[in-house]
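Residue numbers (the numbering used here): 10 to 192. The beta-carbon is built from N, C-alpha and C at its ideal position, and this holds for glycine as well. Bear in mind the structure is a predicted one, so any value in this text is a computation, not a measurement.
This is the structure in structure tokens:
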């Protein structure tokens, strides 16, 4: 990946996928560990964009709002989900019917997807969760994970962690255009 491409991807991640402004999470061999967000978090996102270090973010801000929310259509617990593409397409159509343009990330396994909604001004976690529940119900799709997982931060921790998109083999795609890979 060229420096220019890495910088563009890091900038997009920084501007589009936000959560708690005070902390990020660094991937380790055992999972993720919180890292107090330095003034130069740009360097961390460049490392993520280059593929040299995985980072994640905590979805909820202190006021229980979120700027990014996602639904996970994947194979969990070792169970394959052969219908993940069809389920993603149905959910994407339902979210678009609600007037929101989601972004689809094919997971690094290549056997699942994450649908993202983003809000520049933030929205209450409860609102994001209700939106996903309505889309899921209308599409008739069972989903195990919606992030954030709770409506409110309780002050007892950082809330849910989500890995930044575009790690390893994950990529953005358009499910409604024959799963065309997006640049």
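Residue j beta carbon less than 9 Å from that of residue i
i           : j           : result
residue 179 : residue 96  : no
residue 186 : residue 123 : no
residue 114 : residue 182 : yes
residue 131 : residue 70  : yes
residue 28  : residue 66  : yes
residue 147 : residue 89  : no
residue 68  : residue 46  : no
residue 52  : residue 15  : no
residue 174 : residue 125 : yes
Distance between residue j and residue i (C-alpha atoms, nearest Å)
i           : j           : result
residue 159 : residue 30  : 18 Å
residue 34  : residue 23  : 14 Å
residue 5   : residue 145 : Given a span of 10 to 192 for the chain in the structure shown, any question on residue 5 remains unanswerable.
residue 11  : residue 109 : 32 Å
residue 83  : residue 119 : 9 Å
residue 128 : residue 26  : 9 Å
Residue i versus the options, residue with shortest Cα-Cα distance
i           : options           : result
residue 13  : 55, 32, 50        : 55
residue 189 : 26, 51, 32, 98    : 98
residue 136 : 18, 61, 74        : 74
residue 91  : 121, 143, 133, 50 : 121
residue 184 : 25, 112, 20       : 112
residue 19  : 44, 36, 50        : 50
residue 101 : 26, 192, 150      : 150
residue 105 : 140, 44, 93       : 140
residue 133 : 77, 94, 191, 21   : 77
residue 142 : 163, 79, 21, 191  : 79
residue 21  : 44, 36, 57        : 57
is_contact[residue i, chain C] using C-beta, thresh 9 Å
i          : result
residue 34 : Absence of chain C from the displayed structure is noted, only one protein chain being present.
Does the stretch 166-174 touch the stretch 33-43, meaning 3 or more C-beta pairs lie closer than 8 Å? yes
Any beta strand (DSSP E) of 3 or more consecutive residues that is wholly inside the stretch 67-113: 74-82
At which residue ranges does the stretch 10-59 contain complete alpha helix (DSSP H) runs of 4 or more residues, listed in the order of the chain? 12-25, 50-59
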